[in-house]
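Scroll down for the structure; my scribbles are underneath it.
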């Protein structure tokens, strides 16, 4: 089955013009031309600290977001969508996901995780939704009605056709 692959640069919140996430995506396409297939699962991997330039070829390959997405597909199967999320902020070599754990200190270390209103889950759903919209905007040939149907089946978020205009 064919796949759409690419690296996206998306904000978590549309009002945020400073904080962008780089996300490698490998998305399953349906046999029908220019439409996505509903995946059996979504494999989401959060890359961590920066290790590029180590000289170790294994470490270098695992620092490549797109390569990690390919590895996820090889492990979980072709019916899975793969998402590899890079931290938007680094404190030196250390990745900081402040939108997922809102209570962090100046170094990016979590003070405490307050699960009230599930900030990590809410942020993840919003990030994936923004990635899907970016793929659609980037590839005008992908059927927008099909994306709406997929998002309804997955219950990603409330959608309407005017979201793409």
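Residue numbers (this note's numbering): -17 to 147.
Using N, Cα and C, we set each Cβ at its ideal position, and we do this for glycine too.
- Your pair residue 97 and residue 8 does not check out as a contact, with CB atoms roughly 30 Å apart and the cut at 8 Å.
- C-alpha of residue 21 to C-alpha of residue 60: approximately 9 Å in a straight line.
- At the C-beta level, residue -6 and residue 108 come within 7 Å of one another.
- For residue 12, there is no enclosing alpha helix (DSSP H), as DSSP gives it neither H nor E.
- Taking the Cα of residue -15 as reference, the smallest distance to any Cα among 75, 116, 84, 19 is reached at 19.
- Secondary structure at residue 109: helix, using DSSP grouped into helix, strand and coil.
- With fewer than three CB-CB distances shorter than 8 Å, the region 36 to 51 does not count as touching the region 76 to 92.
- Residue pairing for residue 24: DSSP places it in a beta bridge opposite 63.
- When DSSP states are grouped into helix, strand and coil, residue -9 belongs to the strand group.
- The distance from the Cβ of residue 76 to that of residue 31 is about 5 Å, consistent with a contact at the 8 Å cut-off.
- Annotation for residue 71: the continuous beta strand (DSSP E) segment containing it runs 71 to 73.
- Beta-bridge partners assigned by DSSP to residue 86: 92.
- When the alpha-carbon of residue 3 is set against those of 13, 118, -10, the nearest one is in -10.
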